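Numbering (the working numbering), first residue to last: 10 to 118. Each remark here refers to the structure printed beneath this line.
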Ligand code: 2BA
């Protein structure tokens with residue numbers, strides 16, 4: 010068995026959740042926050058048989074898309090705020106960040 014952890018944008022989360030249900034794939038959604046943007050995103054925990062991993066990855070790929078986001082970085086520590094001129098930068102977020110992990114044991118009581 011495998012555990013697929015995927016971080017997706019909140020905008021893609023309802024579509025991915027629906028597509029997983031339609032395919033009969035069980036998942037748990039967690040509200041999460043990106044470390045870099047400090048913006049809300051969604052993490053899905055998907056426990057599935059090894060044979061279905063590629064199907065799940067395809068489903069994630071088809072449910073999520075990349076978007077650009079403009080971020081204004083914080084003033085570097087130690088800098089005087091008066092002399093700090095913030096320059097907005099554009100980052101590309103997503104489609105999805107995916108981790109596939111081996112599950113050593115799976116039980117449901
Ligand atoms: P955030 O950490 O908020 O990152 C949002 C986007 O900012 C990233 O998109 C990337 O384009 C950019 N970014 C992140 N760290 C950066 C840095 N140190 N320097 C420059 N740009 C940076 P994605 O790569 O698509 O990541 C989307 C979200 O997926 C991340 O939100 C984070 O929540 C998660 N994620 C990405 N890589 C991860 C990892 N290795 N481990 C855990 N979570 C990860």
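Cβ coordinates follow ideal geometry from the N, Cα and C atoms, glycine included. Given the structure is predicted, the values throughout are model-derived calculations rather than measurements.
Kindly identify the DSSP beta-bridge partner or partners of residue i.
| i | result |
| --- | --- |
| residue 65 | DSSP output for residue 65 lists no bridge partner at all. |
| residue 41 | 50 |
| residue 55 | 13 |
Where do the ends of the alpha helix (DSSP H) carrying residue i lie?
| i | result |
| --- | --- |
| residue 26 | 22-31 |
Span of the beta strand (DSSP E) holding residue i?
| i | result |
| --- | --- |
| residue 76 | 76-80 |
| residue 117 | Element bounds for residue 117: n/a, residue is neither H nor E. |
| residue 105 | 105-111 |
What does a CB cutoff of less than 6 Å around residue i pick up in its chain, not counting 5 residues either side in sequence?
| i | result |
| --- | --- |
| residue 79 | 97, 99 |
| residue 52 | 16, 39, 41 |
**Message:** Can you tell me which residues fall inside 6 Å of the ligand 2BA, judged by beta-carbon distance to its nearest heavy atom, and keep chain order?
**Reply:** With the cut-off at 6 Å, the residues found are 16, 43, 44, 45, 46, 48, 50, 100, 101, 102, 103, 106.
**Item:** At least 3 beta-carbon pairs within less than 8 Å: the region 27-40 vs the region 66-81
**Value:** Because the criterion of three Cβ pairs below 8 Å is met, the region 27-40 and the region 66-81 touch.
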